[in-house]
Amino acid sequence: MELHVIAFWLIAFVTLGSALAVVFLTNIVHSALALILTFLGIAGLYLTLNADFLAAVQVLVYAGAVSILIVFGIMLITRGDGRMADTNIFGKYKYTAAIVITAFLGVLSHYIIKTPWQMGTAALSENTMGDIAELLFSDYVIPFELAAILLTVAMVGAIVIAREVKNPK
Amino acid sequence: MAINFSLIIPEMLVAGLALLVMIISLLVPKDQKRGLAYFTVFGLIGVLVVLYFMLDAQGTLFNGMYIVDPFGSFMKILIVLSSIMAIMLGVEYVEKFITGFLGEFCFFVVFATLGMITLVSAGDFITLYVALELMTISFIILVGFGKHIFRASEAAIKYLLLSALSSGVLLYGLTLVYGAAKTTSINGVMEYIAQGETAPILVLGIIFMISGFGFKISAVPFHMWTPDVYEGAPTPVTALLSVASKGAAFGVLFRVFMHALPGNQELWMPIIIVLTVLTIVLGNFVAIPQKNIKRMLAFSGVAQAGYILLGLIAFSTVGVSAALFYAMIYVFCNMGAFGVIIAFSQAGGGDEVQDYNGLWKRSPFLAAVMLASLLSLAGIPPLAGFFGKFQLFKAIMEQGYVWIVFVALGMSMVSVYYYLLVAKAMYFKDPHEDSPIKVSLPIQVTLLAITLITLFLGIYPTPLTNLATQVAKTFF
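Read top to bottom, the protein sequences are chains V and R. At position 90 of the first sequence (counting the first as 1) the number is 90 in our numbering, and the numbers step up by one without a gap. Take any residue in the second sequence, note its place counting from 1, add 1000, and you have its number in our numbering.
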């Protein structure tokens, strides 16, 4: 077996394992840590696909920023010592969820296996980052600018919603 | 590469207007924001004029990333029009109930408008998704910023969680379609499907896309968020959410399914038919027991979404033009009804149907506008809603779906009942208090215009039907 195939299976195993751990661990802080491992695993999968820029972004944004936000969120809202039973008081639908998820997974994998996937044959560019930059500012300039506005809106909106109510009267 | 920037003038104007209003709102003193609201309205009217003259414009930008065509321009007019009405009706409401946030209200409405008008022109899944998120996030903020209002925060959190879920589902569907077609552009997907081979995964992708869009247009069974969010949100925002956000979602739904996926109609049409029938039946029946008028209008909006979906089922010029006509009419009727609710709650009234008892004695004007809007929604001649429904049913009939026509007709009868319950409360019951309601000038002007348009289009619908027919030819 080639080396990158072995690497793929290894990383996929770790990613899926830690994703399952996010769901099944009973302490919310442990779940958050497993989630960071999942993010890193996905970055590894990007690397096996030669998507180096995407892998770097995944590590920076998800494993870095998003996980810190999640940990902060846990710090601010956790009750007790972070056991799921205290945090997720509405989580009563364990068995229903298991049935629905299994059925969903079954349908999904059935269709995915049945589909004749065709691999791309075009040669990969050496300079992926340069190509992405060029695309962002030519064909994809409208979504790019729109994303800039979206971030502004999200930031201003967060301030508007979080701002202290001054005159409760 | 030559870029024809004149095609995206409206989008640039709206983006500029939003940023300008945001900056000015920081400079204007807190108690003098009303001028800013009218400035926003004038700006949007300017955009409306530009859009009207662009109705015939056709072209694509950036290799099909962005499609400008009559259909998109029609939907944009609908969206900008509803934003104008929402601001006009909402100024005093926001001043009274959400003191100090008028500037924020104005520029978030304009940002939401920007998201919606780019959504209906999106020619690529990436543009589509970013525009959808811009619209959704602006709306989440608008729903939640009324902190003094009972239940606004609850509504915002529900909307946030459920729309995040639906965005995830939609995104997953888009990636599956991308995996099969190996392109994110709508034209590319159309070419792939025209080749005749259908990958099994494409079917799954389409189903996910239907659920994602179904959430936005609040089709059954993805409608559960509607009543709670509509009830909790500030009423001007509810009004905008119920017409503009739905209109934009319909725009993109029609574009994706009629432009990108007409080749495998037989795959998704049964799903759409089932959803439509469920939407019409459930929306109308569940509206009956509602005691809160905003919840009742939410379920009536669910049912109306089902009627507009009939245009997609018909899959013809007549069908699309009827759907466009009906969507436009729906904007005016719903805005009229919500406008009355806004004016009434400003005068201290509650949102329960029984609070409207004897409204006729307290303000004949408001009662008349409400009656006209509700009867138009119910589809009673000579109001505009009748003609819209008639055309939709005719389009469906031409395609041979007689049983759907019977279901939709029967449900229309049901809808008359719950609309008339409000009319009964307004005209035949005694008011709890006798003090007359004073309606402010901007609301009076807007409501009067809305009612006159509803009446005029009911008696003489030809200008709008001609326009809608011309626009509907985009797809065929």
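Positions of the beta carbon are idealized from the N, C-alpha and C atoms, including for glycine. Quick caveat, the model's predicted, so the values are computed rather than measured.
Within 10 Å of its beta-carbon, does Leu-1017 of chain R have 16 or more other beta-carbons around it, so buried, or fewer, so exposed?
Translated into positions along the second sequence, residue 1017 of chain R becomes position 17. The residue in question, Leu-1017 of chain R, is buried, as its Cβ has 16 or more Cβ neighbours within 10 Å.
For Asp-1480 of chain R, which residues does DSSP report across the bridge?
Only positions 1001 to 1476 of chain R appear in the structure, and residue 1480 of chain R is not among them; the question remains open.
Would you say Ala-1131 of chain R and Phe-1250 of chain R are within 8 angstroms of each other, going by their C-beta atoms?
The residue given as residue 1131 of chain R occupies position 131 in the second sequence. The residue given as residue 1250 of chain R occupies position 250 in the second sequence. No, these two residues do not count as a Cβ contact at 8 angstroms.
By a C-beta neighbour count over all protein chains shown, 10 Å radius and 16 as the cutoff for buried, is Ser-1083 of chain R buried or exposed?
Your numbering for residue 1083 of chain R matches position 83 in the second sequence. Under this definition Ser-1083 of chain R is a buried residue.
As assigned by DSSP and simplified to three states, the class of Arg-1151 of chain R:
As a working mapping, residue 1151 of chain R is identified with position 151 in the second sequence. Note: Arg-1151 of chain R maps to coil in three-state DSSP.
What residue from V:Thr-78, V:Phe-39, V:Arg-79 has the CA that sits closest to Leu-60 of chain V's CA?
For the purposes of this step, residue 60 of chain V is taken as residue 60 along the first sequence, with counting starting at 1. The alpha carbon of Leu-60 of chain V has as its nearest neighbour, out of V:Thr-78, V:Phe-39, V:Arg-79, the alpha carbon of V:Phe-39.
Could you give the C-beta distance for Leu-54 of chain V and Ala-12 of chain V, rounded to a whole number, given that I count them as a contact under 8 angstroms?
Counting from 1 along the first sequence, the entry for residue 54 of chain V is found at position 54. Counting from 1 along the first sequence, the entry for residue 12 of chain V is found at position 12. Contact doesn't hold; Cβ gap of about 17 angstroms is too wide.
In angstroms, rounded to a whole number, what distance separates the CA positions of Pro-1289 of chain R and Tyr-1401 of chain R?
As a position in the second sequence, residue 1289 of chain R is number 289, starting the count at 1. As a position in the second sequence, residue 1401 of chain R is number 401, starting the count at 1. Roughly 30 angstroms between the two C-alpha positions.
If you count every other CB in all the chains shown that lies within 10 Å of the CB of Ile-224 of chain V, and 16 or more means buried, which is it?
Chain V is shown from 1 up to 169; residue 224 of chain V falls before or after that span and cannot be answered.
Consider the Cβ of Ser-1166 of chain R: report whether some Cβ of chain V lies at a distance smaller than 8 angstroms.
Counting from one through the second sequence, the residue named residue 1166 of chain R turns up at place 166. With 8 angstroms as the cut-off, Ser-1166 of chain R does not count as an interface residue toward chain V.
Should Pro-1492 of chain R be labelled buried (16 or more other beta-carbon atoms within 10 Å of its own) or exposed?
Lying outside 1001 to 1476, the shown extent of chain R, residue 1492 of chain R is not represented and no answer is given.
Put Glu-1398 of chain R into one of helix, strand or coil per three-state DSSP.
In the second sequence, counting from the first residue as 1, residue 1398 of chain R sits at position 398. Correct three-state label for Glu-1398 of chain R: helix.
With a threshold of 7 angstroms on Cβ separation, who are the neighbours of Ala-1260 of chain R within its own chain once the five nearest residues in sequence on each side are excluded?
Taking the second sequence and counting its residues from 1, one reaches residue 1260 of chain R at position 260. For Ala-1260 of chain R, where only same-chain residues beyond five positions count, the Cβ hits under 7 angstroms are Ile-1186, Val-1189, Met-1190.
Contact the stretch 1042-1050 of chain R vs the stretch 1091-1104 of chain R: 3+ CB pairs below 8 angstroms:
no
Between the stretch 1041-1074 of chain R and chain V, which residues of the former have a C-beta closer than 7 angstroms to a C-beta of the latter?
Phe-1062, Asn-1063, Met-1065, Tyr-1066
Might you give, ordered along the chain, the residues of its own chain that have their beta carbon closer than 7 angstroms to the beta carbon of Ser-1121 of chain R, omitting 5 neighbours on each side?
Looking up residue 1121 of chain R in the second sequence gives position 121. The residues are Tyr-1066, Ile-1067, Val-1068, Gly-1072.
Count the other CB atoms, across all protein chains shown, that sit within 10 Å of the CB of Lys-169 of chain V; report buried if there are 16 or more and exposed otherwise.
As a working mapping, residue 169 of chain V is identified with position 169 in the first sequence. Caution applies to Lys-169 of chain V, whose pLDDT of 44 falls short of 50 and renders its modelled position unreliable; the value that the coordinates give is listed next. Taking all protein chains shown into account, Lys-169 of chain V has fewer than 16 neighbouring C-beta atoms within 10 Å of its C-beta and is therefore exposed.
Using a beta-carbon distance cut-off of less than 9 angstroms, what residues from the stretch 116-140 of chain V approach chain R?
Pro-116, Trp-117, Gln-118, Gly-120, Ser-138, Asp-139, Tyr-140
Below-8 angstroms beta-carbon distance, Leu-150 of chain V vs any chain R residue
Along the first sequence, one-based indexing puts residue 150 of chain V at 150. Cβ-Cβ to chain R under 8 angstroms: yes for Leu-150 of chain V.
Going along the chain, which residues of the stretch 1117-1140 of chain R sit with their C-beta nearer than 7 angstroms to a C-beta in chain V?
Thr-1118, Ile-1126, Thr-1127, Val-1130, Ala-1131, Glu-1133, Leu-1134, Ile-1137, Ser-1138
Could you name the residues of the stretch 1142-1157 of chain R whose beta carbon sits closer than 9 angstroms to any beta carbon of chain V, in the order they occur along the chain?
Leu-1142, Gly-1144, Phe-1145, Lys-1147, His-1148, Ser-1153, Ala-1156
What do you get for Arg-1362 of chain R, buried or exposed, if any count of 16 or more other CB atoms within 10 angstroms of its CB means buried?
Numbered from 1 along the second sequence, position 362 holds the residue referred to as residue 1362 of chain R. Burial call: buried.
Of all the options R:Gln-1399, R:Val-1369, R:Ser-1376, which has the alpha carbon lying nearest to the alpha carbon of Val-1318 of chain R?
Here residue 1318 of chain R corresponds to residue number 318 of the second sequence, with the count starting at 1. Among R:Gln-1399, R:Val-1369, R:Ser-1376, the Cα nearest to that of Val-1318 of chain R belongs to R:Gln-1399.
Find out if the Cβ-Cβ distance for the pair Thr-1235 of chain R, Gly-1336 of chain R is shorter than 8 angstroms.
Residue numbering aside, residue 1235 of chain R sits at position 235 when the second sequence is read from its first letter. Residue numbering aside, residue 1336 of chain R sits at position 336 when the second sequence is read from its first letter. Cβ distance not < 8 angstroms, so Thr-1235 of chain R and Gly-1336 of chain R don't count as in contact.
CB contact below 8 angstroms: Pro-1200 of chain R versus chain V
In the second sequence, the residue the question calls residue 1200 of chain R occupies position 200. At least one C-beta of chain V is nearer than 8 angstroms to the C-beta of Pro-1200 of chain R.
Identify the continuous beta strand (DSSP E) that holds Leu-1055 of chain R and give its terminal residues.
Position 55 of the second sequence, counting from 1, holds the residue named residue 1055 of chain R. Premise fails: Leu-1055 of chain R is in no beta strand (DSSP E) and is neither H nor E.
Is Glu-1352 of chain R helix, strand or coil by DSSP?
If you number the second sequence from 1, residue 1352 of chain R lands on position 352. Residue state, collapsed to three classes: strand.
Is there contact between the stretch 1010-1026 of chain R and the stretch 1161-1175 of chain R, where contact requires at least three CB pairs shorter than 8 angstroms?
no
If contact means a Cβ-Cβ distance below 9 angstroms, which residues of the stretch 1009-1029 of chain R contact chain V?
Glu-1011, Ala-1015, Ala-1018, Leu-1019, Met-1022
Whole-number beta carbon distance between Leu-105 of chain V and Leu-1134 of chain R, since they are thought to touch under 8 angstroms:
Sequence index remark: in the second sequence, residue 1134 of chain R carries index 134 (1-based). Sequence index remark: in the first sequence, residue 105 of chain V carries index 105 (1-based). Leu-105 of chain V and Leu-1134 of chain R do not touch by the CB rule: their CB atoms are close to 32 angstroms apart, not below 8 angstroms.
Quick check: is the beta carbon of Lys-114 of chain V nearer than 8 angstroms to any beta carbon in chain R?
As a working note, residue 114 of chain V is residue 114 in the first sequence. Chain R contact via Cβ: present.
Which of helix, strand or coil DSSP assigns to Tyr-1460 of chain R
Residue 1460 of chain R sits at position 460 when you count from the first residue of the second sequence. Coil, per DSSP.
In angstroms with no decimal places, state the Cα-to-Cα distance between Ser-1167 of chain R and Ala-1239 of chain R.
As a working mapping, residue 1167 of chain R is identified with position 167 in the second sequence. As a working mapping, residue 1239 of chain R is identified with position 239 in the second sequence. Straight-line Cα distance between these residues: approximately 22 angstroms.
First through last residue of the alpha helix (DSSP H) which encompasses Gly-1214 of chain R
Taking the first residue of the second sequence as 1, we reach residue 1214 of chain R at position 214. First-last of the alpha helix (DSSP H) with Gly-1214 of chain R: 1200-1216.
Anticipated Cβ contact below 8 angstroms, Leu-1051 of chain R with Ala-1248 of chain R, distance rounded
Walking along the second sequence from the start, residue 1051 of chain R turns up at place 51. Walking along the second sequence from the start, residue 1248 of chain R turns up at place 248. That pair is no contact at about 14 angstroms.
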